[in-house]
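In the numbering used here, the protein residues as written are 2 to 394. The C-beta atom is built at its ideal place from N, Cα and C for all residues, glycine as well. Bear in mind that the values here come from a model prediction, so they are computed numbers and not experimental data. So the structure is just underneath, and the comments pick up after that.
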């Protein structure tokens, strides 16, 4: 979602916030170079407030050296009683020639390969086999275009990163392409010679196995934790390939609601007023707050810039959040730093979602950029059931 703002404002440096609920920790890792072929970079979070729960693979960049002439590189980026989706894959994918897949006005020229449905079904089976082997309920296949769009982008422009040529992070692409759950991205590529669907399936199987079972030395098991996270209940798959490269994208989702989202513009009587309405689609722990994270306005990046990094991403700079009002006096608790806004409406039960609040104070304090709303059910952004980004200019 994009919202324009009349005047630009400067915004303060990053700061940490805390309440009695969310714990904090720093996650840092160094970049490694193995041989002269593959750049290996580990999970780097540039914001110090991130909870220890983010060790469960919010975003990783890693690589694997193989024997022979093949090279492997991979990246990672997030149930209960699963409701099976009845969507037929062939009804939602559009097979067309690869072209510039940039996102504009909520759409992109997304090109699925002819064997996409077979590949996505195969990838889902690999993911769910790993989850079953580790005591985690299966995820079902979703079709948010963010997964295929990013795989297309990496193949088309020839880079490898969680960021893209438009400067977008994964959760931004997910929102721009219609996502209303919470999004956690994995990306990987495999370089070899590909001549059939089965050879591409072999690449996907190898990457999946490495991310789950050979991830500790490179990435602190971030890939593994992300793939096995029990809160995920959906995954959208992206696969884009040439004769020598396969780009593989997993957009894990925490998708527990049919959600309508809107925000008023800067000239409305109540500017930047957010309403979130709908109904849960399956049981989930009621959310306790909304974290508001800030990213500066994305700017375009070249292939060289993307390949030189940073490749990893965090959830933005946490600038405060939204809290429900108390039942007696009508006020709400306060974050110990950053901006706190009391919600005007906060209703979340098995039948109804109805939350309303203003972001005006955030926009006044932090200026133009991207505000991402994490409706959380636990102590961190890793327990979110929304990662909705709104663009303020």
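Spatial distance of residue i from residue j (CA atoms)
| i | j | result |
| --- | --- | --- |
| residue 96 | residue 232 | 32 Å |
| residue 296 | residue 358 | 20 Å |
| residue 259 | residue 352 | 11 Å |
| residue 378 | residue 326 | 17 Å |
| residue 323 | residue 193 | 48 Å |
| residue 71 | residue 369 | Confidence in residue 71 is poor, its pLDDT being 31 and thus under 50, which makes the residue's placement too unreliable to answer from. |
| residue 171 | residue 186 | 6 Å |
| residue 60 | residue 314 | Interpretation of residue 60 is limited by its pLDDT of 28, a score under 50 that renders its predicted location unreliable; no figure is taken from the coordinates. |
| residue 201 | residue 238 | 14 Å |
| residue 347 | residue 280 | 13 Å |
| residue 246 | residue 199 | 14 Å |
| residue 55 | residue 205 | The pLDDT assigned to residue 55 is 26, lower than 50, so where the model puts this residue is not dependable; a value taken from the coordinates is nonetheless given after this. C-alpha separation (whole angstroms): 25 Å. |
| residue 108 | residue 176 | 11 Å |
| residue 164 | residue 310 | 9 Å |
| residue 128 | residue 356 | 34 Å |
| residue 75 | residue 121 | Note on residue 75: pLDDT 34, under 50, position unreliable in the model; no value is reported. |
| residue 318 | residue 381 | 13 Å |
| residue 159 | residue 105 | 20 Å |
| residue 267 | residue 214 | 49 Å |
| residue 226 | residue 344 | 33 Å |
| residue 191 | residue 123 | 16 Å |
| residue 197 | residue 308 | 28 Å |
| residue 329 | residue 335 | 16 Å |
| residue 306 | residue 293 | 28 Å |
| residue 219 | residue 302 | 26 Å |
| residue 291 | residue 354 | 14 Å |
| residue 78 | residue 333 | Any reading at residue 78 needs caution, since the residue's pLDDT is 34, under 50, leaving its predicted position unreliable; the model's value is listed next. Rounded to the nearest angstrom, the two C-alpha atoms are 34 Å apart. |
| residue 92 | residue 110 | 17 Å |
| residue 73 | residue 114 | At residue 73 the pLDDT is 35, less than 50, meaning the model places this residue with poor confidence and gives no usable figure here. |
| residue 135 | residue 203 | 22 Å |
| residue 270 | residue 342 | 18 Å |
Within 8 Å, strictly: CB atoms of residue i and residue j
| i | j | result |
| --- | --- | --- |
| residue 131 | residue 251 | no |
| residue 102 | residue 153 | yes |
| residue 195 | residue 248 | no |
| residue 373 | residue 288 | no |
| residue 216 | residue 253 | no |
| residue 391 | residue 212 | no |
| residue 340 | residue 366 | yes |
| residue 386 | residue 285 | yes |
| residue 99 | residue 147 | no |
| residue 394 | residue 300 | no |
| residue 125 | residue 275 | no |
| residue 174 | residue 151 | yes |
| residue 282 | residue 257 | yes |
| residue 255 | residue 234 | yes |
N-terminal and C-terminal residue of the alpha helix (DSSP H) that residue i is part of
| i | result |
| --- | --- |
| residue 1 | Here the chain comprises residues numbered 2 to 394, so residue 1 is not present and cannot be evaluated. |
| residue 304 | 304-309 |
| residue 170 | Taken as a continuous stretch (DSSP letters only), residue 170 belongs to no alpha helix (DSSP H), as it is neither H nor E. |
| residue 93 | 90-93 |
| residue 120 | 117-134 |
| residue 285 | Careful: residue 285 lies outside any alpha helix (DSSP H) and carries neither H nor E. |
| residue 227 | 223-229 |
Nearest neighbour of residue i, chosen from the options [CA to CA]
| i | options | result |
| --- | --- | --- |
| residue 155 | 145, 144, 167 | 167 |
| residue 312 | 318, 304, 319 | 304 |
| residue 118 | 105, 88, 106, 390 | 88 |
| residue 149 | 139, 133, 189 | 189 |
| residue 223 | 293, 277, 383 | 383 |
| residue 376 | 321, 111, 329, 298 | 321 |
| residue 112 | 293, 134, 157, 122 | 157 |
| residue 116 | 90, 139, 334, 335 | 90 |
| residue 371 | 333, 349, 273 | 273 |
| residue 228 | 169, 271, 137 | 137 |
Residue interval of the beta strand (DSSP E) (run including residue i)
| i | result |
| --- | --- |
| residue 145 | It is not in any beta strand (DSSP E) - residue 145 carries neither H nor E in the DSSP assignment. |
| residue 333 | Per DSSP, residue 333 belongs to no beta strand (DSSP E) and is neither H nor E. |
| residue 320 | 318-324 |
| residue 364 | Not the beta strand (DSSP E): residue 364 falls in the alpha helix (DSSP H), residues 361-367. |
| residue 187 | 183-192 |
| residue 375 | 370-377 |
| residue 292 | 290-296 |
| residue 235 | 235-242 |
| residue 202 | It is not in any beta strand (DSSP E) - residue 202 instead sits in the alpha helix (DSSP H) that spans 198-214. |
| residue 261 | 258-264 |
| residue 249 | 246-255 |
#### Entry: Segment contact, 8 Å Cβ cut-off, at least three pairs: the segment 143-154 with the segment 358-369
Fewer than three pairs of CB atoms, one per stretch, sit closer than 8 Å, so the segment 143-154 makes no contact with the segment 358-369.
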